[in-house]
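Single-structure report; data block below.
Residue numbers (our numbering), protein chains in the order written: chain A, 1 to 15; chain B, 1 to 98.
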C-alpha cells in the first residue's frame, strides 16, 4: 500500500 | 516463461486496419507495473479482432516480456510490432488480473 502511494502514475500512449 | 503465467491468454491480433487502436498505461516504476489497456478504438485492428478488452494487462508482445520495461519502452515494442512487415499479426499474452 505504502509503495503504491509513492509510485508515480503512468502516462497513457495511444498506439 | 510467459506460458507459466497463471490465467494468461494468447491473443493474435491480425493487422486488419491501418492502426492498432489501443491506448495503454503503465510500465515499470509506475503504479501500474505492466501495461494495461485503457482504451480500444473502434475500427482499429484490436477492435476488429474482438478479443482484447479494456482492463486487460499485457504480459508479452510477440513473445517478448514487458516485465521490467518502462512505459515508453513497452509502447515502442508494441508500435514496432505493429509496424514490422515481417508479420501480419501481433501476438499478445494478456491476463485479466492486475
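Note that CB positions come from ideal geometry on N, CA and C, so glycine has one too.
None of the values given here were measured: they were computed from a predicted structure.
Return helix, strand or coil for residue 12 of chain B, following the three-state DSSP convention. strand
Closer than 7 Å by C-beta to residue 108 of chain B: which residues in its own chain qualify, once you throw out the five before and the five after it? Chain order, please. Chain B is shown only over 1 to 98; residue 108 of chain B falls outside these bounds and no answer can be derived.
Please state whether the Cβ-Cβ distance between residue 71 of chain B and residue 13 of chain A is less than 9 Å. yes
Would you kindly report the start and end of the unbroken alpha helix (DSSP H) that includes residue 73 of chain B? 71-83
Use the C-beta contact count for residue 35 of chain B: other C-beta atoms within 10 angstroms, 16 or more gives buried, fewer gives exposed. buried
Proximal residues to residue 9 of chain B (C-beta, below 6 Å), its chain only, five neighbours per side dropped: 94
How many angstroms separate the CA atom of residue 37 of chain B from the CA atom of residue 80 of chain B? 17 Å
Alpha carbon to alpha carbon, how far is residue 91 of chain B from residue 77 of chain B? 12 Å
Going along the chain, which residues of the region 61-82 of chain B sit with their C-beta nearer than 8 Å to a C-beta in chain A? 71, 72, 75, 78, 79 and 82
Separation of residue 89 of chain B from residue 7 of chain B, as counted between CA atoms: 22 Å
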